[in-house]
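Worksheet: the structure to be examined is printed underneath.
Numbering (this note's numbering), first residue to last: 25 to 443.
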């Protein structure tokens, strides 16, 4: 990995803790964010030249705090920040800062930040968007894509959320048990979307964003310690673990996507799978499943299959049917159609997704799945049209390349039939 790549990974991993500490210090979202961004700019200058600091998080907190104080007191004769070339030599200061951070309870700091972003005065969509921006540092473009809205609309949403918190009287102390329960759903949704942002990245971009999956799992574990008896929190944590366990098998060395049924399952992380399965078993004892736990149970059926042919597709179909009742969504129905195609054939799957066409016409995966079902049904001409539409909607080169594999198959079979 290049120096720049290492810096990006270190900043991504450090952001939640650094932002939380800066917010605790300044008690203002904009000031904390500006301080962190200033520290990141200084890191981009100093770290490639002087090498990585002993503790990147402590470095970013210390430099960001000093930069913000220096900006506030710019007109007075205060001591300015050290020159850039000396920043990485602050070993003793870093060690002290790191020790203070350990003693100030990282869990409380990060959860305080999560709960402030998910303030009950904000609509749920603004809560999640703000947390994605502040806690995990996703760009407005990335968040807009996750919510299927324009960048301009998402920018306004985040700006309004910041203004509303700033105008209110947000408590910057750790919330009590009742407040934690009230904000649980929004915080869980934020963690889920952070994970998806990293997990959905394709090819070599997945390597750069892999830290988001790790961060989401870390945040989920922190939240699980706050809600140890909550089956949905166990389900969410298990879901992330089971999905992330497949990371090493999801792409080739060249960055091409590998379909689930073609993955080398010996590359799956069995330790993560074991942890996820244990959480599901424990959660099921509560006899109160929710959407996260049902999704985790679906992932568990994939994880328990030693080979793709051993997958319990009827079980997956039944679980998706339950999820459709709990959380109706055209995307959930589209996912269920994959299981239906395995159990009852491609024509049944096509009949299931036909009513979704108007709502999902701009959705890449809808046309990709429809093309695959049409191909399985022998309707090659219609399959080609669906694949062409999917390529036009692809978000990444890897997605387009994956669909082109199907198109090449259609073309090859057509040429073989003609010869």
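Using N, Cα and C, we set each Cβ at its ideal position, and we do this for glycine too.
Neighbourhood of residue i by C-beta, 7 angstroms cutoff - its chain only, sequence neighbours within 5 removed
i	result
residue 228	Only weak support is given to the placement of residue 228: the predicted model assigns it a pLDDT of 49, under 50, and the question is left unresolved by the model.
residue 188	145, 146
residue 410	391, 394, 395, 398
residue 120	With a pLDDT of only 49 at residue 120, under 50, the local geometry of the prediction cannot be trusted, and the value read off the model is given with reservation. Cβ neighbours of residue 120 beyond the five flanking positions: none.
residue 216	260
residue 245	261
residue 413	391
residue 285	332
residue 323	263, 266, 267
Distance CB(residue i)-CB(residue j) smaller than 7 angstroms
i	j	result
residue 49	residue 97	no
residue 214	residue 152	yes
residue 277	residue 426	no
residue 341	residue 364	yes
residue 42	residue 133	no
residue 358	residue 339	no
residue 303	residue 257	no
CA nearest to the CA of residue i, picked from the options
i	options	result
residue 211	267, 182, 247	247
residue 81	34, 53, 74, 47	34
residue 1	253, 181, 262, 148	Since the first residue shown for the chain is 25 and the last is 443, residue 1 is missing from the structure and cannot be characterised.
residue 32	377, 61, 286, 168	61
residue 138	333, 155, 209, 369	155
residue 202	134, 251, 307	251
residue 415	400, 403, 406, 431	431
residue 135	150, 243, 237, 160	243
residue 93	63, 360, 159	63
residue 406	91, 374, 379, 422	374
residue 408	241, 207, 419, 428	428
residue 183	207, 209, 359, 149	149
residue 160	73, 36, 173, 343	36
residue 162	191, 323, 377, 239	239
residue 143	334, 65, 372, 209	209
residue 305	333, 419, 253	253
residue 77	30, 40, 47, 91	30
residue 423	224, 171, 83, 402	224
residue 310	255, 334, 361	255
residue 343	333, 361, 221	361
Nonlocal neighbours in the same chain, by C-beta distance under 6 angstroms from residue i, ignoring five residues either side
i	result
residue 417	388
residue 327	266, 297
residue 287	273
residue 351	315
residue 175	164, 165, 168
residue 313	none
residue 294	none
residue 383	354
residue 366	337
residue 400	370
residue 300	262, 265, 266
residue 39	161
Spatial neighbours of residue i in its chain, beta-carbon cut-off 8 angstroms, leaving aside the 5 residues before and after
i	result
residue 386	417
residue 331	289
residue 13	Because the chain is modelled from 25 through 443, residue 13 falls outside the range shown and cannot be assessed.
residue 292	269, 270, 272, 273, 327
residue 91	59, 62, 63, 66, 105
What residue ranges within the region 228 to 276 form continuous alpha helix (DSSP H) runs of no fewer than 4 residues, ordered along the chain? Taking only runs of at least 4 residues, the alpha helix (DSSP H) segments lying wholly in the region 228 to 276 are 255 to 268.
Touching by the beta-carbon criterion (3+ pairs, under 8 angstroms), the region 331 to 350 and the region 310 to 318: Contact annotation: the region 331 to 350 touches the region 310 to 318, with at least three C-beta pairs closer than 8 angstroms.
What alpha helix (DSSP H) runs, 4 residues minimum, are completely inside the region 391 to 427? The alpha helix (DSSP H) runs lying completely inside the region 391 to 427 and spanning 4 residues or more are 404 to 417, given in chain order.
Using a Cβ distance threshold of 8 angstroms, determine whether the region 40 to 57 contacts the region 69 to 76, with at least three qualifying pairs required. No, because fewer than three Cβ pairs between the region 40 to 57 and the region 69 to 76 fall closer than 8 angstroms, the two stretches do not touch.
List in chain order: all unbroken alpha helix (DSSP H) runs of 4+ residues lying wholly within the region 285 to 357. Counting whole runs of 4 or more residues, the region 285 to 357 contains the alpha helix (DSSP H) stretches 294 to 308, 315 to 328, 337 to 350.
Entirely enclosed beta strand (DSSP E) segments - the region 136 to 160, minimum 3 residues: Runs of the beta strand (DSSP E) inside the region 136 to 160: none found.
Segments assigned beta strand (DSSP E), at least 3 residues, entirely inside the region 30 to 96: Those beta strand (DSSP E) runs which fall completely within the region 30 to 96 and span 3+ residues do not exist here.
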